[in-house]
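Trainee: In this note's numbering, the protein residues as written are 3 to 309.
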Amino acid sequence: MLLDRALVRLLPAVPKPVVRRISERYIAGEDLDDAVRVVRRLNDEGKMATIDVLGEEIANADEARAIAAAYIETFEAIEREGLDSNVSVKPTALGLKLGYDLCRENLENVVTHTGGRGNFVRIDMEDSSTTDDTLRLYRELRAGGHENVGVVLQARLKRTVEDVRALADLKPNVRLCKGIYLERLEIAYRDFEAVRANFVQALEELWDAGCYVGVATHDEYLVEQGQQGARRRGLDREQIEFQMLLGVRPALGDALVREGHRLRIYTPFGRQWYAYSLRRLQENPRIAGYIAADTFNRLVPGRNGSR
Ligand SMILES: Cc1cc2nc3c(=O)[nH]c(=O)nc-3n(C[C@H](O)[C@H](O)[C@H](O)COP(=O)(O)OP(=O)(O)OC[C@H]3O[C@@H](n4cnc5c(N)ncnc54)[C@H](O)[C@@H]3O)c2cc1C
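1) Exposed or buried, Ile267, counting other C-beta atoms within 10 Å across all chains shown (16 or more means buried)?
2) Alpha carbon to alpha carbon, how far is Pro93 from Gly181?
3) Under a Cβ-count criterion, where at least 16 other Cβ atoms within 10 Å of its own Cβ denotes burial, should Asp64 be classed as buried or exposed?
4) My output table needs one value for Pro93: the three-state DSSP class, helix, strand or coil.
5) Within the same chain, show all residues whose beta-carbon is closer than 7 Å to that of Ala277, passing over the 5 residues directly before and after it, in chain order.
6) List, from N- to C-terminal side, the beta strand (DSSP E) runs of 3 residues or more that fit wholly inside the stretch 242-300.
7) With the cut-off set at 9 Å, would you say Val176 and Val154 are in Cβ contact?
8) Which residues in the same chain as Arg282 place their Cβ atom closer than 8 Å to its Cβ, once the five residues preceding and following it in sequence are excluded?
9) Is Phe122 near ligand 1, judged by its Cβ being under 8 Å from some heavy atom?
10) Rounded to the nearest angstrom, what separates Glu142 and Gly291 at their Cα positions?
11) Within this structure, are the beta carbons of Glu197 and Leu205 separated by less than 9 Å?
12) According to DSSP, Val55 sits in a beta bridge with which residue or residues?
13) His220: which of Val91, Ala170, Arg235, Ala253 sits nearest, CA to CA?
14) Is Ser25 helix, strand or coil when you go by DSSP?
15) Closer than 8 Å by C-beta to Lys49: which residues in its own chain qualify, once you throw out the five before and the five after it? Chain order, please.
16) How about Ile69 and Ala37: do their beta carbons lie closer than 9 Å?
17) Mind checking whether Asn45 and Asn88 have CB atoms under 9 Å apart?
18) So, using beta-carbon positions, are Val10 and Ile242 closer together than 9 Å?
19) Considering just the uninterrupted stretch of the beta strand (DSSP E) at Val38, what are its terminal residues?
20) Leaving aside the five residues before and after Val163 along the sequence, list all residues of the same chain whose C-beta is less than 8 Å from its C-beta, in chain order.
21) Are Gly384 and Val55 closer than 9 Å when you measure CB to CB?
22) Just to check, is the beta-carbon of Phe271 closer than 8 Å to a non-hydrogen atom of ligand 1?
23) Look up Leu178 in the DSSP assignment and give the residues it is bridged to.
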């Protein structure tokens, strides 16, 4: 365990090909065809999906526009293939760090295109330097008449319950998650139980406000809180969904589907897989074992699991 924690800090020093191999489970592949194949399999298993075009490492406006275009292609594929999937977009991939207006234009483009197809865009939430701008983007889209769009709130942030209250009049469609970004102590909870408690409070207040919530977690305690709360409030199957990440705790997801819950799997694809993969490995409690096994398998070819 101590070794695992130490390795998390050293992850950026792990060679990219190793990161790539040990994070394969988290990513559908490099191309849209890969995402289509994975989502079809998920749909066959009774799971919905949300497709993420990886692109937060973009460097200029043309690249940001290319990501927006990739989303539009993704919608065309979802429709053509009859998949049960929406999309998740990261404001930075659409150019937020290059300029608010550039991002807004790209996002509105994607959302407009999607609305025409009766589909839905989830705006992911990134680190706290983007929270205000992301909520502003959401408000402006809603003010512009776009209903097919939702946001994400992070239980790790102390401001989140206030954000729930400030957004309540819009009855937002919210994905609630813990939040992956390491934030300053002044603005974020570090304590595991405090993050859980804030998650439960935000969930209850979202429901009080009549919001549709995607409960995005692999934490069994919070999954249970979601199930119990939904039962207590008499929510039917269509009024709540659970969400999980591709490659993370699939057995827990299978159990939810068997119990009749709706489950959506976050399915990233694209060439810019590195930053996303590092975040997923950071959270993997057995990261040291994976790196060791990868190294061992390459040193001793022909072992189980070698490639
Ligand atoms: C659908 C979805 C969308 C998300 N969108 C956002 C977003 O927009 N913004 C944002 O900041 N965060 C997002 N996240 C990430 C989220 O904030 C957490 O960082 C992540 O889900 C881990 O938190 P947890 O609730 O699963 O609890 P944890 O306590 O971190 O995990 C619970 C258990 O799940 C297992 N586990 C978790 N992660 C891994 C892993 N990578 N590999 C192997 N096992 C693992 C472990 O067994 C762990 O004990 C999203 C998560 C999901 C499920």
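Here a beta-carbon is modelled for each residue, glycine too, at the ideal position from N, C-alpha and C.
Mentor: According to the structure shown:
1) buried
2) Take the alpha-carbon of Pro93 and the one of Gly181: they are about 16 Å apart.
3) exposed
4) helix
5) Glu58, Glu59
6) 242-247, 265-271
7) Cβ distance < 9 Å, so Val176 and Val154 count as in contact.
8) Ser25, Tyr28, Leu247, Gly249, Val250
9) Outside the cutoff, so no.
10) 46 Å
11) Just to set this straight, residue 197 is Val in the shown sequence, not Glu. Result no, Cβ atoms of Val197 and Leu205 do not sit closer than 9 Å.
12) According to DSSP, Val55 shares a beta bridge with Phe271.
13) Ranking the options by Cα distance to His220, first place goes to Ala253.
14) Ser25 falls in the coil class under three-state DSSP.
15) Gly255, Val259, Leu265, Arg266, Ile267
16) no
17) no
18) no
19) Element bounds for Val38: not the beta strand (DSSP E) but the alpha helix (DSSP H), 34-46.
20) Within the same chain, Val163 has close Cβ partners Asn200, Gln203, Ala204, Glu207.
21) Since the first and last residues shown for the chain are 3 and 309, residue 384 lies out of range.
22) no
23) Leu155, Val217
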